[in-house]
Amino acid sequence: VDLARNDLGRIADFGTVRVTEMMKIERYSHVMHIVSNVAGRLRDGCTAFDLVRATFPAGTVSGAPKIRAMQIISELEKTRRGCYAGAIGYFGFDGSVDSCIALRCAVLKNGKAYFQAGAGIVADSDPRLEYEETVNKARAMSKALAMAGRMEPSHSAK
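The number in this note's numbering is simply the position in the sequence shown, starting from 1, with 14 added.
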């Protein structure tokens, strides 16, 4: 939340950045998420492009401090993320932008689906539980692909 407030504060009118929702629990088929929302009013002279530039990548997938966290990710992760944890969206002709973080997504190649799953590591993380979280997320994607019946997952989550 603090990283999102900081990112928005770079392009928002002073005093308009606020937390509109804090640590709401959302339940899904295989995982639960803690969701917070941060909003602000775009400063005069800033565009939707400035907004994306200031807030991308999202702190929830990069970590903080953002620049150093991304350097560590680059050093430690053996496989490039590709579209995973990036953004999918569009810029409207009216100056708007709508986007989402590409987390539950797959890349199709030669009839196979490739996907990734991750977990947010924090100071008091339990490595075993974080690993279990990635398995649960991958299981949901494997199940969805199996239900589609048209493709073979590139790897299975047991």
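The C-beta atom is built at its ideal place from N, Cα and C for all residues, glycine as well.
Cβ neighbour criterion (16 or more within 10 Å) applied to residue i
i      : result
Gly96  : exposed
Phe129 : buried
Ser88  : exposed
Ser139 : exposed
Ala18  : buried
Spatial distance of residue i from residue j (CA atoms)
i      : j      : result
Ala78  : Val15  : 11 Å
Asp58  : Val31  : 15 Å
Leu56  : Ala26  : 4 Å
Ala160 : Ala116 : 20 Å
Val136 : Glu144 : 10 Å
Leu22  : Leu65  : 7 Å
Ser43  : Ala154 : 7 Å
Met84  : Pro141 : 20 Å
Phe86  : Thr93  : A quick correction: the sequence has Ile, not Phe, at residue 86. About 13 Å.
Ser76  : Tyr98  : 12 Å
Val149 : Lys123 : 22 Å
Arg118 : Arg82  : 25 Å
Phe28  : Lys157 : 46 Å
Of the residues the options, the one placed nearest residue i, counting alpha carbons only
i      : options                      : result
Asn20  : Ile115, Ala53, Arg41         : Ala53
Met36  : Arg24, Leu17, Ser50          : Ser50
Cys60  : Glu40, Ser88, Ser110, Ala158 : Ser110
Gly100 : Val45, Asp108, Pro71, Glu91  : Pro71
Lys151 : Lys38, His47, Ile39          : His47
Arg67  : Leu90, Arg24, Thr93          : Arg24
Inter-residue CB distance, residue i and residue j (contact presumed, cutoff 8 Å)
i      : j      : result
Ala120 : Ala127 : 4 Å
Gly134 : Thr74  : 7 Å
Gly103 : Ser113 : 3 Å
Glu147 : Val45  : 7 Å
Ala62  : Phe107 : Actually they do not touch by this definition, with Cβ atoms about 11 Å apart.
DSSP three-state assignment for residue i, whether helix, strand or coil
i      : result
Val45  : coil
Glu91  : coil
Val175 : Nothing about residue 175 can be reported from this structure: the residues present for the chain run from 15 to 172 only.
Leu159 : helix
Phe105 : strand
Thr34  : strand
Ser183 : Here the chain comprises residues numbered 15 to 172, so residue 183 is not present and cannot be evaluated.
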